[in-house]
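Each remark here refers to the structure printed beneath this line.
In this note's numbering, the protein residues as written are 3 to 302.
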């Protein structure tokens, strides 16, 4: 991509976005006081939305949910919403932390000279909806903050091979929904603008969604039909704890699921120093504490 001219001004294009953002962070492009004030106001409004009243589970299909690799999870979300693990204070603070990073990132993008439009626009595909993050230089962009482990997938362009949260489906849905949106000039591609929330590194992970766009209407119809039917079987099986261990545990996708207690009532929670493990077959009990409270409150 080359630079484009708009009203006599040469506009940067998205291929220089990360470098331009880094220059802004280094103080090489100055700072826009008005952009900073708007950022603070947006963060304040988001805090009000997050913390002014208890958050209720969302009992509807959206762009962010249909891409789940587990149809059973999606079925629970619509038909047994109350079975989800309640959001903790830590969960809600983590979400707000992501909101703040998104506002900061988009503010840096603006000061860097790139065109930012369509922020938080509500997009539709039929009756299904979602709020996109932004359109940057004519491309649909989703802003993410990620752990170093997750950031590596974006930095290396490997999200399609390991996408437990359905991000590819989500972003391609926003691209599809914008097919008639004049703000979006690139109708086939979308990008993840990602910040490593530990190391502060930034990357732009661009995808061609041509194949996903061809199947988008079918994907949505299939999801709507599925949640109206009987509960799907569990798509994942327990995996070995290690090559030498006789025990099995929930796979990673299930470990992060809000419905794991309902779906796997036989699971037992063991607390390691820096993570929790949910075991299914306990042939040899681990030499770490077991959370007996978790097991006493298992769903039936």
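C-beta: ideal position from N, C-alpha, C; glycine also.
Whole-angstrom C-beta distance between residue j and residue i, which should lie under 8 Å
{"i": "residue 293", "j": "residue 271", "result": "4 Å"}
{"i": "residue 173", "j": "residue 144", "result": "5 Å"}
{"i": "residue 250", "j": "residue 278", "result": "So it is not a contact: roughly 15 Å between Cβ atoms."}
{"i": "residue 127", "j": "residue 218", "result": "7 Å"}
Given residue i as reference, the closest of the options once Cα atoms are compared
{"i": "residue 379", "options": "23, 44, 12", "result": "Look at the range of the chain in this structure, 3 to 302, and you will see that residue 379 is not part of it."}
{"i": "residue 185", "options": "133, 137, 213", "result": "137"}
{"i": "residue 72", "options": "287, 281, 260, 286", "result": "260"}
{"i": "residue 205", "options": "21, 14, 13", "result": "21"}
{"i": "residue 106", "options": "33, 127, 167", "result": "33"}
{"i": "residue 18", "options": "48, 111, 224, 153", "result": "111"}
{"i": "residue 178", "options": "209, 214, 86, 169", "result": "214"}
{"i": "residue 235", "options": "42, 200, 77", "result": "77"}
{"i": "residue 257", "options": "87, 102, 130", "result": "87"}
{"i": "residue 233", "options": "40, 60, 241, 79", "result": "79"}
{"i": "residue 158", "options": "61, 207, 128", "result": "207"}
{"i": "residue 118", "options": "128, 141, 133, 127", "result": "141"}
{"i": "residue 200", "options": "240, 81, 152", "result": "152"}
{"i": "residue 296", "options": "286, 289, 133, 281", "result": "281"}
{"i": "residue 269", "options": "83, 241, 81, 132", "result": "241"}
{"i": "residue 132", "options": "66, 181, 188", "result": "66"}
{"i": "residue 189", "options": "211, 202, 203", "result": "211"}
{"i": "residue 244", "options": "25, 187, 286, 182", "result": "286"}
{"i": "residue 216", "options": "181, 267, 237", "result": "181"}
{"i": "residue 130", "options": "29, 238, 224, 288", "result": "224"}
{"i": "residue 100", "options": "81, 228, 52", "result": "52"}
{"i": "residue 187", "options": "262, 92, 120, 89", "result": "120"}
{"i": "residue 238", "options": "43, 262, 230", "result": "262"}
{"i": "residue 75", "options": "202, 229, 89, 267", "result": "229"}
{"i": "residue 288", "options": "255, 246, 266", "result": "246"}
{"i": "residue 85", "options": "92, 68, 91, 59", "result": "59"}
{"i": "residue 81", "options": "25, 90, 231", "result": "231"}
Short Cβ contact (8 Å threshold) for residue i with residue j
{"i": "residue 147", "j": "residue 37", "result": "no"}
{"i": "residue 14", "j": "residue 115", "result": "yes"}
{"i": "residue 49", "j": "residue 98", "result": "yes"}
{"i": "residue 168", "j": "residue 64", "result": "no"}
{"i": "residue 209", "j": "residue 191", "result": "yes"}
{"i": "residue 45", "j": "residue 102", "result": "yes"}
{"i": "residue 57", "j": "residue 94", "result": "yes"}
{"i": "residue 273", "j": "residue 291", "result": "yes"}
{"i": "residue 150", "j": "residue 198", "result": "yes"}
{"i": "residue 193", "j": "residue 27", "result": "no"}
{"i": "residue 40", "j": "residue 113", "result": "no"}
{"i": "residue 221", "j": "residue 171", "result": "yes"}
{"i": "residue 161", "j": "residue 154", "result": "no"}
{"i": "residue 135", "j": "residue 163", "result": "no"}
{"i": "residue 61", "j": "residue 83", "result": "yes"}
Residues sharing a beta bridge with residue i, DSSP
{"i": "residue 148", "result": "198"}
{"i": "residue 340", "result": "Nothing about residue 340 can be reported from this structure: the residues present for the chain run from 3 to 302 only."}
{"i": "residue 285", "result": "BP columns for residue 285 are empty, so no partner."}
{"i": "residue 241", "result": "251"}
{"i": "residue 292", "result": "272"}
Residue-level contact to chain D via CB, residue i, 8 Å cutoff
{"i": "residue 105", "result": "As a matter of chain content, chain D is missing from the structure shown, which is built from one protein chain."}
Report task. Could you pull out every unbroken alpha helix (DSSP H) segment of at least 4 residues lying fully inside the segment 193–229, listed in chain order? Result -> Within the segment 193–229, complete alpha helix (DSSP H) segments of at least 4 residues are found at 212–216, given in chain order.
Query - Whole runs of the alpha helix (DSSP H) within the segment 74–100, excluding any shorter than 4 residues - result: Counting whole runs of 4 or more residues, the segment 74–100 contains no alpha helix (DSSP H) stretch at all.
Query raised in the report: Curious, which full-length beta strand (DSSP E) runs of at least 3 residues does the segment 113–193 contain?
Result: Note on the segment 113–193: whole beta strand (DSSP E) runs with a minimum of 3 residues are 124–127, 130–133, 136–138, 141–148, in chain order.
Query - alpha helix (DSSP H) runs wholly inside the segment 19–50, at least 4 long, in chain order - result: If we require 4 residues or more, the alpha helix (DSSP H) runs fully inside the segment 19–50 come out as 19–27.
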